[in-house]
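Working notes, structure below.
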Amino acid sequence: MRGIVTTVAAACLAIIASQPAVATDIKAARVWAGPEYTRVVFDLSDNGRYKVSPGDKPGDMIIELPGGSLAGGFRAPGAQGLFKGLDVPGKGARVVAHFDPTARPKSFLVKPAGDYGYRLVLDLYPGDPALAKVGQKNAGTSDDDDSDDDASSAVAVRDAPPARTTASGKRGRATASSAPVASMPASERKVVVAVDAGHGGEDSGARGATGLLEKDVTLNVARELAAQINAQPGMQAVLTRNGDYFIPLKRRYQIAREHNADLFVSIHADAFKNSDARGSSVWVLSPRGKTSEAARWLADRENRADLVGGVSLDDKDDTLAAVLLDLQQGYAMQASESIANNVLKAIGQLGPTHRGYVERANFVVLRSPDVPSILVETAFITNPSEETKLRSSAHRQSLATAVLGGIRNYFANTPPPGTWFAAQAARRNGNNLVAVAKRAEPVVETASQIQASPVVGAATAASKAANSAARRTAKAVNIARADDNVRDLHRVARGETLRGIAQQYGVSVGSLRQVNQIPDSGVRAGTVLAIPSS
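Note that our numbering has the sequence shown beginning at 21, numbered continuously upward.
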């Protein structure tokens, strides 16, 4: 019996060994060229092994899938950006990609997602002409490269110049040369809004019943919103992308941080399996997302070396770094909530909202620890009537106008210090900027004081946007003059308590009540509280 089993098993192994491995074919190829990198995508029939090696001359790369072939009707894409063309020499799944000799190539395999199967991605980054041969040598050979799409494509894509350094050595704000904004004094800087068009390039997002793609809708709305922002005095837009190309999710909010943005707005179009779903919505980061991002920042040394609200965490011990980060995140989330409510109310005038309240989720693009961030779902692209609206340039313009209205309303009521909005608020109070600066002097800490007390300094930085309007009110100035022990001012947000505010600033509830003459433990939203120095 044992001999029969052995014979059968051997026969089965012989049959399996005689069968060739499943070959992987190249079905199609596409190219997207962004301002700072070019992506070439090959659609594959399966998760096959591939090899990448340098060609005979700089700027050539050979891509092979052993045992595979080119699908019938395969067409090589035309030249775009750093990509110069594709040759198909002989038979089999072997192609030669031609690109700028100075480009730095990077290849990796992407697993199936959405409507796409396995894809082999070739990213081409601009490089130093002197390093062309080195880049060619480093292209290497790769088998089953499972590099993460997000990590391996972390390239800055900006449509405004990077932040510049002024003569005084301070970091200036990025501005777009095409912005038709009114001239203003140098001290009245513009509020910077980073506008992110969701998806792009290979990532088309959701698809409507008649074929409308989310990536096209978001780009059109983002461009319209940016144009309207740039037409406003005291405001400047930065587009994360201004064409049909892909940007990794983390990279999007990093662009906002690099441009010292006061706000990050990501534009999307919702989708659902039921075509009856409808309505716009606005999202902010969930508390869970805040906590997980804080853990990543505190654990990652590169993150800690970065500035969060103007304060580096790298030279702080773990406890202090956690406190500083929590303060800054708290400010960003509070501001995000206020802006999101304003925007939701504004777009609600155009049609129904999906929930009627601001929603929360752990979206990657909302994780910036120091830039208030919101995500706007313009409508359900899977709803036929809403898809029709999204096709309309007039409706997209109205959407952008509504979003801008909500944003502008927030900055008018809570102007960041030193901005055009802050100057306007001062003028409405009958003051000029110099007068306000002098009168507010008793309650604003000096740079040396902030250095000496990093916790107090971080608290000031974290709440500066929420408190700036309060500092310019007559009531705030009078409080500061009446009590030399006041170190800061705090505008009470909805849901805050005296106990929570006291813990935030490290003072007692009793001292808060005494300085502000509060008879009981309750406090109303919008009240400006003086924070005692001890």
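C-beta: ideal position from N, C-alpha, C; glycine also.
Item                                                                                                                       : Value
Sequence-distant residues of the same chain with beta carbon closer than 6 Å to V529, five excluded per side               : L518, R519 and A522
For T58, the three-state DSSP class (helix, strand or coil)                                                                : strand
According to DSSP, residues forming a beta bridge with I83                                                                 : V72 and V115
Chain-order list of residues whose beta-carbon lies under 6 Å from that of G425 (same chain, five-residue window excluded) : A366
DSSP-derived helix/strand/coil call for S65                                                                                : coil
For S393, the nearest candidate out of Q417, S412, I401 and A355 (CA to CA)                                                : A355
Backbone CA spacing between R243 and E379 [nearest angstrom]                                                               : 25 Å
Start-to-end residues for the beta strand (DSSP E) that takes in T238                                                      : Here T238 belongs to no beta strand (DSSP E); instead the alpha helix (DSSP H) covers E234 to N250.
Cβ-based neighbour list, L142, same chain, cut-off 7 Å, excluding 5 preceding and 5 following                              : V60, A117, P125 and S127
Under the three-state DSSP convention, the category D223 falls into                                                        : strand
Contact check, V535 vs R511, beta carbons under 8 Å                                                                        : no
Run of the beta strand (DSSP E) containing R428, from where it starts to where it stops                                    : Unbroken run through R428 is the alpha helix (DSSP H), S413 to N433; no beta strand (DSSP E).
E379: first and last residue of the uninterrupted beta strand (DSSP E) it sits in                                          : E379 to A381
DSSP three-state assignment for E397, whether helix, strand or coil                                                        : strand
Q537 classed as buried or exposed, judged by whether at least 16 other C-beta atoms fall within 10 angstroms               : exposed
Three-way DSSP call (helix, strand, coil) for S127 in this model                                                           : strand
I287 - containing beta strand (DSSP E), residue span                                                                       : L283 to D290
Selected residue, minimal CA-CA separation from K131, among A53, A281 and N67                                              : N67
Helix, strand or coil at A360 according to DSSP, with G and I counted as helix                                             : helix
Chain B within 8 Å of L64, Cβ atoms only                                                                                   : Of the protein chains in this structure there is only one, and it is not chain B.
Proximity of I401 and A226 at Cβ, strictly below 8 Å                                                                       : yes
Buried versus exposed, by CB contacts within 10 Å (16 or more), G228                                                       : buried
Cβ contact check for the region 285-299 and the region 76-95: 3 or more pairs under 8 Å                                    : no
Element boundaries [beta strand (DSSP E), containing S306]                                                                 : First-last for S306: undefined, no H or E at that position.
Buried or exposed by the 16-neighbour rule on C-beta atoms within 10 Å, applied to Q252                                    : buried
Inter-residue Cα distance where the pair is L559 and S224                                                                  : Since the first residue of the chain shown is 21 and the last is 554, residue 559 is not available in this structure.
Three-state secondary structure (DSSP) of I538                                                                             : coil
Of the residues L340, D264 and P404, the one placed nearest T58, counting alpha carbons only                               : D264
N294, buried or exposed, once every other Cβ within 10 Å from all chains shown has been counted against 16                 : exposed
Endpoints, the beta strand (DSSP E) within which I46 is located                                                            : I46 to A53
Three-pair Cβ contact test at 8 Å for the region 275-286 versus the region 207-220                                         : yes
A342 - DSSP class collapsed to helix/strand/coil                                                                           : helix
Sequence-distant residues of the same chain with beta carbon closer than 7 Å to K409, five excluded per side               : A399 and H415
For V396 and V423, believed in contact at Cβ under 8 Å, the rounded distance                                               : 6 Å
Reduced DSSP category for S388 - H, G, I as helix; E, B as strand; rest coil                                               : coil
Where F441 sits in the DSSP three-state scheme                                                                             : helix
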